[in-house]
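Residues in the sequence shown are numbered consecutively from 4, following our numbering.
For every residue, glycine included, the Cβ atom is placed at its ideal position computed from N, Cα and C.
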Amino acid sequence: MTLLDKLPGVVMPVSEVPDALRELWKSDSDSNTGSTKFRAVQTNLILHFGLETSETEAKGILDRALKFAQRYPCRLICLCPSLEDGASLMRGKLFSQCYLSGDASHPVCCEALMLGYSPEESKFLEHQVSIWLESDLPTYHWFHRVPVHRIHESYMPFLKMVQRVTFDSSLEGHAYEEISWPCPRGARDLAEARLLHVRQSLGQFLSSYTIEMLFQDLQSITIKHAVGLAGEAGSLARWVKNCFEGACPTKSLSIKISEQPDGFCMKWVFNGSSKFLMELNHELCVGRIRANFGQGPVDYPLHLKKVSSQLILAEALFF
């Protein structure tokens, strides 16, 4: 079975998907039945899977995208490559679902158009996807396990029509950092978006001290992370380094990142008596900051609200 076969929906010829979609949301103009009035699509979101994407990953990403669509109405387009025999022809699939809104006053309906294809047909993707997009609406592109060379070879021209690309560096590593994205708003890392609540709390804590107290004797920083949090560690390192360089443009700062069995921590090493250590659990929600910047020791507990998958994706795409 191909990845397309493992995702929910009704299989049909690619050419029939637009007509099936129109029929799906068709409503009687003389009645309040039907779902057209509950669709207010604002964007297009392309979920672009690579060959290494597992069934579990694909279903998880589709589920996150559907939850996102409940709050930020969008048309989902899933691109599912396959190397299996018989998968040389493009195949279509249509999935739709309606949910009750937050106040349960009316349903919210969303749709996912899925395309199965062989990597050899990548040159035809731009044309097919363009037909399926809601015209005149911004389009966003989520890459998942798509190799860098494949992006360069096949997708760069299409990305010029995309507002922004997103990806997860905790899965992709540093490979995507080398790409010069042609889309108007570049690319945003989901790992960076997942750290929003941590950066906000850390910034609030550090704002109690002057720049001199924080950075005057700072020599290096060590960040340690559990498996699956490498992207978050890299993102936090870049954020802290940018803050340091903005405050101390004539100084350099060494930041080392390494893996540890569990959790997440950041330690600042000073050339004096100052101390700083932030520790968090694997979910990045519970932990504490222990610090001393010359005004006495501080033990600051952290109880952070976990950011929902909807807000993480919105942060990555829109902000």
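Checklist entry - Where does the unbroken alpha helix (DSSP H) through residue 66 begin, and where does it stop? => result Working through the sequence shown from its first residue, we reach residue 66 at position 63. Element bounds for residue 66: 58 to 74.
Checklist entry - What residue does the beta strand (DSSP E) around residue 117 start on, and which one ends it? => result By 1-based counting over the sequence shown, the position of residue 117 is 114. Segment 110 to 120, the beta strand (DSSP E) holding residue 117.
Checklist entry - Alpha carbon to alpha carbon, what distance is there between residue 197 and residue 84? => result Taking the sequence shown and counting its residues from 1, the one referred to as residue 84 is at position 81. Taking the sequence shown and counting its residues from 1, the one referred to as residue 197 is at position 194. Between residue 84 and residue 197, the C-alpha separation is close to 28 Å.
Next on the checklist: Here's a check: name, in chain order, each residue in its chain whose Cβ is nearer than 6 Å to the Cβ of residue 200, leaving out the five neighbours to either side.
Outcome noted: On the sequence shown, residue 200 is found 197 positions in, with the first residue counted as 1. Cβ within range, chain order: 307, 310.
Checklist entry - To the nearest angstrom, how far is it from the Cα of residue 15 to the Cα of residue 97? => result Mapped onto the sequence shown, residue 15 falls at position 12. Mapped onto the sequence shown, residue 97 falls at position 94. In a straight line, the C-alpha of residue 15 is about 8 Å away from that of residue 97.
Checklist entry - At what residues does the beta strand (DSSP E) containing residue 261 begin and finish? => result As a working mapping, residue 261 is identified with position 258 in the sequence shown. That run of the beta strand (DSSP E) goes 257 to 262.
Item to check | Same chain only: Cβ atoms within 6 Å of residue 72, ignoring 5 sequence neighbours per side | outcome: If you number the sequence shown from 1, residue 72 lands on position 69. Same-chain partners within the cutoff: 113.
Item to check | residue 241 in three-state terms, based on DSSP | outcome: Counting from one through the sequence shown, the residue named residue 241 turns up at place 238. Note: residue 241 maps to helix in three-state DSSP.
Next on the checklist: Taking a contact to mean a Cβ-Cβ separation below 7 Å, would you say residue 294 touches residue 193 in this structure?
Outcome noted: Counting from one through the sequence shown, the residue named residue 294 turns up at place 291. Counting from one through the sequence shown, the residue named residue 193 turns up at place 190. Taking 7 Å as the Cβ cut-off, residue 294 and residue 193 do not qualify as a contacting pair.
Item to check | Proximal residues to residue 190 (C-beta, below 8 Å), its chain only, five neighbours per side dropped | outcome: Taking the first residue of the sequence shown as position 1, residue 190 is located at position 187. Closer than 8 Å at Cβ, skipping near neighbours: 167, 168, 169, 170, 179, 182, 184.
Item to check | Own chain residues within Cβ distance below 7 Å of residue 34, not counting five before or after | outcome: Taking the sequence shown and counting its residues from 1, the one referred to as residue 34 is at position 31. Low local confidence applies: a pLDDT of 47 at residue 34 is under 50, so the model's placement there is unreliable, with the coordinate-based value given in what follows. None.
Item to check | Proximity below 7 Å, CB of residue 2 to CB of residue 229 | outcome: No information on residue 2 is available, as it lies outside the stretch 4 to 322 that the chain covers here.
Item to check | Start-end ranges of the alpha helix (DSSP H) lying completely within the region 126 to 155, minimum 4 residues | outcome: 128 to 135
Checklist entry - Since residue 302 sits in a beta bridge, which residues does DSSP pair it with? => result Taking the sequence shown and counting its residues from 1, the one referred to as residue 302 is at position 299. Answer is 293.
Next on the checklist: Suppose the cutoff is 6 Å on Cβ atoms and the five residues either side in sequence are ignored; what does the same chain contact list for residue 17 look like?
Outcome noted: Within the sequence shown, the letter at position 14 stands for residue 17. Within the same chain, residue 17 has close Cβ partners 93, 95.
Item to check | Runs of beta strand (DSSP E) wholly within the region 169 to 255 (minimum 3 residues, chain order) | outcome: 190 to 192, 221 to 228
Checklist entry - Hey, would you say residue 251 sits closer than 7 Å to residue 218, going by beta carbons? => result Residue numbering aside, residue 251 sits at position 248 when the sequence shown is read from its first letter. Residue numbering aside, residue 218 sits at position 215 when the sequence shown is read from its first letter. Result yes, Cβ atoms of residue 251 and residue 218 sit closer than 7 Å.
Item to check | Bridge partners - residue 95, DSSP secondary structure assignment | outcome: As a working mapping, residue 95 is identified with position 92 in the sequence shown. The partner list for residue 95 (beta bridge, DSSP) reads 15, 118.
Item to check | Rounded straight-line distance, which links the Cα of residue 47 to that of residue 163 | outcome: Along the sequence shown, read from residue 1 onward, the residue named residue 163 stands at position 160. Along the sequence shown, read from residue 1 onward, the residue named residue 47 stands at position 44. For residue 163 and residue 47, the distance between alpha carbons rounds to 15 Å.
Checklist entry - Helix, strand or coil for residue 32 per DSSP? => result Here residue 32 refers to the residue found at position 29 when the sequence shown is read from its first residue. In this prediction, residue 32 has a pLDDT of 45, which is less than 50 and means its spatial position is unreliable; what the coordinates show is noted afterwards. Coil at residue 32, not helix or strand.
Checklist entry - Where does residue 134 land, buried or exposed, given buried means 16+ other C-beta within 10 angstroms? => result As a working mapping, residue 134 is identified with position 131 in the sequence shown. So residue 134 counts as exposed.
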